[in-house]
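Residue numbers for the sequence shown follow full-length UniProt numbering, beginning at 1 and rising by one.
From the three backbone atoms N, C-alpha and C, an ideal C-beta is built for every residue, glycine too.
Notes for the one structure printed next.
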Amino acid sequence: MIEKDDKTYSISELAKEFDITTRSIRFYEDQGLLTPLRQGQTRIYSRRDRVRLKLILRGKRLGFSLSETGQLFELYDADKSSVTQLSTMLKLIEHKKAELHQQMDDIKVVLMELVTVEKRCRETLDQAKQVKEPN
1 MIEKDDKTYS ISELAKEFDI TTRSIRFYED QGLLTPLRQG QTRIYSRRDR VRLKLILRGK
61 RLGFSLSETG QLFELYDADK SSVTQLSTML KLIEHKKAEL HQQMDDIKVV LMELVTVEKR
121 CRETLDQAKQ VKEPN
(Lines of atoms letter the chains of each structure in order from A and count residues from 1; the text may use other names and numbers.)
(Lines give C-alpha, C1' and ligand atoms only; values in the text may rest on other atoms or scores of the structure.)
Protein backbone atom coordinates (compact mmCIF):
# COMPACT_ATOMS: atom_id res chain seq x y z
CA MET A 1 0.00 0.00 0.00
CA ILE A 2 1.20 3.52 -0.77
CA GLU A 3 1.89 5.77 2.21
CA LYS A 4 0.57 9.33 2.21
CA ASP A 5 4.01 10.93 1.76
CA ASP A 6 5.02 8.65 -1.13
CA LYS A 7 4.90 10.30 -4.55
CA THR A 8 2.55 8.72 -7.03
CA TYR A 9 2.27 9.14 -10.78
CA SER A 10 -0.46 8.95 -13.36
CA ILE A 11 0.02 6.98 -16.55
CA SER A 12 0.16 10.22 -18.56
CA GLU A 13 2.84 11.69 -16.26
CA LEU A 14 5.06 8.64 -16.74
CA ALA A 15 4.42 8.57 -20.47
CA LYS A 16 5.44 12.20 -20.76
CA GLU A 17 8.47 11.84 -18.48
CA PHE A 18 9.87 8.86 -20.40
CA ASP A 19 8.62 9.97 -23.83
CA ILE A 20 6.67 6.77 -24.46
CA THR A 21 3.02 6.04 -25.13
CA THR A 22 0.48 5.15 -22.47
CA ARG A 23 -0.14 2.04 -24.56
CA SER A 24 3.47 0.95 -23.95
CA ILE A 25 3.04 1.41 -20.21
CA ARG A 26 -0.18 -0.64 -20.26
CA PHE A 27 1.67 -3.33 -22.24
CA TYR A 28 4.39 -3.53 -19.58
CA GLU A 29 1.63 -3.81 -17.00
CA ASP A 30 0.00 -6.64 -19.01
CA GLN A 31 3.39 -8.39 -19.02
CA GLY A 32 3.46 -8.21 -15.22
CA LEU A 33 6.40 -5.81 -15.10
CA LEU A 34 4.41 -2.96 -13.52
CA THR A 35 1.74 -3.27 -10.85
CA PRO A 36 -0.07 0.01 -10.31
CA LEU A 37 -2.85 0.39 -7.81
CA ARG A 38 -6.27 1.24 -9.18
CA GLN A 39 -8.94 3.65 -8.12
CA GLY A 40 -11.80 2.65 -10.36
CA GLN A 41 -10.36 2.83 -13.89
CA THR A 42 -7.48 5.11 -12.86
CA ARG A 43 -4.03 3.62 -12.52
CA ILE A 44 -1.86 4.96 -9.71
CA TYR A 45 1.85 4.28 -10.17
CA SER A 46 4.25 4.24 -7.22
CA ARG A 47 7.92 5.20 -7.10
CA ARG A 48 8.65 1.49 -7.43
CA ASP A 49 6.67 1.38 -10.70
CA ARG A 50 8.51 4.46 -11.94
CA VAL A 51 11.91 2.90 -11.16
CA ARG A 52 10.85 -0.34 -12.82
CA LEU A 53 9.71 1.54 -15.92
CA LYS A 54 13.06 3.29 -16.06
CA LEU A 55 14.83 -0.09 -15.77
CA ILE A 56 12.60 -1.63 -18.45
CA LEU A 57 13.51 1.14 -20.87
CA ARG A 58 17.20 0.95 -19.99
CA GLY A 59 17.11 -2.82 -20.47
CA LYS A 60 15.48 -2.42 -23.88
CA ARG A 61 18.13 0.11 -24.88
CA LEU A 62 20.83 -2.40 -23.86
CA GLY A 63 19.15 -5.15 -25.86
CA PHE A 64 17.54 -7.14 -23.05
CA SER A 65 14.18 -8.73 -23.73
CA LEU A 66 11.18 -7.98 -21.55
CA SER A 67 11.35 -11.58 -20.39
CA GLU A 68 14.94 -11.10 -19.20
CA THR A 69 14.00 -7.87 -17.45
CA GLY A 70 11.05 -9.59 -15.79
CA GLN A 71 13.35 -12.39 -14.63
CA LEU A 72 15.62 -9.83 -12.96
CA PHE A 73 12.64 -8.20 -11.24
CA GLU A 74 11.50 -11.58 -9.94
CA LEU A 75 14.97 -12.35 -8.62
CA TYR A 76 15.14 -8.99 -6.87
CA ASP A 77 11.69 -9.48 -5.33
CA ALA A 78 12.76 -12.91 -4.04
CA ASP A 79 16.21 -11.84 -2.79
CA LYS A 80 16.44 -8.21 -1.67
CA SER A 81 20.19 -8.61 -1.10
CA SER A 82 20.54 -8.50 -4.90
CA VAL A 83 23.24 -11.20 -4.92
CA THR A 84 21.23 -13.55 -7.13
CA GLN A 85 20.00 -10.70 -9.27
CA LEU A 86 23.51 -9.34 -9.83
CA SER A 87 24.90 -12.78 -10.64
CA THR A 88 22.14 -13.33 -13.17
CA MET A 89 22.65 -9.84 -14.57
CA LEU A 90 26.35 -10.55 -15.10
CA LYS A 91 25.47 -13.74 -17.01
CA LEU A 92 22.98 -11.82 -19.16
CA ILE A 93 25.58 -9.13 -19.84
CA GLU A 94 28.17 -11.74 -20.88
CA HIS A 95 25.64 -13.35 -23.20
CA LYS A 96 24.57 -9.99 -24.69
CA LYS A 97 28.21 -8.96 -25.25
CA ALA A 98 28.91 -12.25 -27.03
CA GLU A 99 25.85 -11.70 -29.25
CA LEU A 100 26.97 -8.16 -30.09
CA HIS A 101 30.52 -9.29 -30.90
CA GLN A 102 29.09 -11.93 -33.23
CA GLN A 103 26.88 -9.31 -34.87
CA MET A 104 29.90 -7.03 -35.35
CA ASP A 105 31.80 -9.88 -37.00
CA ASP A 106 28.80 -10.61 -39.23
CA ILE A 107 28.50 -6.93 -40.17
CA LYS A 108 32.20 -6.77 -41.09
CA VAL A 109 31.78 -9.78 -43.40
CA VAL A 110 28.70 -8.27 -45.05
CA LEU A 111 30.48 -4.93 -45.50
CA MET A 112 33.42 -6.65 -47.20
CA GLU A 113 31.00 -8.50 -49.50
CA LEU A 114 29.21 -5.24 -50.31
CA VAL A 115 32.51 -3.53 -51.16
CA THR A 116 33.37 -6.41 -53.49
CA VAL A 117 29.96 -6.36 -55.19
CA GLU A 118 30.07 -2.56 -55.46
CA LYS A 119 33.51 -2.73 -57.11
CA ARG A 120 32.29 -5.32 -59.62
CA CYS A 121 29.18 -3.26 -60.38
CA ARG A 122 31.25 -0.12 -61.00
CA GLU A 123 33.67 -2.02 -63.24
CA THR A 124 30.81 -3.56 -65.21
CA LEU A 125 29.07 -0.18 -65.48
CA ASP A 126 32.27 1.48 -66.71
CA GLN A 127 32.71 -1.29 -69.33
CA ALA A 128 29.08 -0.95 -70.43
CA LYS A 129 29.50 2.83 -70.82
CA GLN A 130 32.64 2.35 -72.91
CA VAL A 131 30.82 -0.08 -75.22
CA LYS A 132 27.85 2.26 -75.54
CA GLU A 133 30.02 5.32 -76.21
CA PRO A 134 32.45 4.36 -78.97
CA ASN A 135 35.40 6.75 -79.45
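In this chain, residue 31 is not harboured by any beta strand (DSSP E), its DSSP state being neither H nor E. Excluding residues up to 5 positions away in sequence, 72 lie with their Cβ nearer than 8 angstroms to the Cβ of residue 89 in the same chain. Exposure of residue 107 is indicated by the presence of fewer than 16 other C-beta atoms within 10 angstroms of its C-beta.
Rounded to whole angstroms, the gap between the alpha carbons of residue 49 and residue 103 is 33 angstroms. Pairwise C-beta distances place the segment 8-25 in contact with the segment 37-45, as three or more of them are shorter than 8 angstroms.
Less than 8 angstroms divides the Cβ of residue 53 from the Cβ of residue 34. DSSP, reduced to helix, strand and coil, places residue 44 within a strand of the structure shown.
Residue pairing of residue 76 in beta bridges, as defined by DSSP: absent, with no partner found. From the listed residues 26, 7, 32 and 124, the smallest Cα separation to residue 41 is found for 26. In this structure, the CA atom of residue 99 is about 22 angstroms from the CA atom of residue 114. Pairing residue 18 with residue 75 gives a Cβ-Cβ distance that is not under 8 angstroms. Excluding five sequence positions before and after residue 22, the CB atoms of its chain that fall closer than 6 angstroms to its own CB belong to 11 and 15, given in chain order. According to DSSP, residue 71 shares a beta bridge with no other residue. Under the DSSP assignment, residue 114 falls in the alpha helix (DSSP H) whose first and last residues are 83-132.
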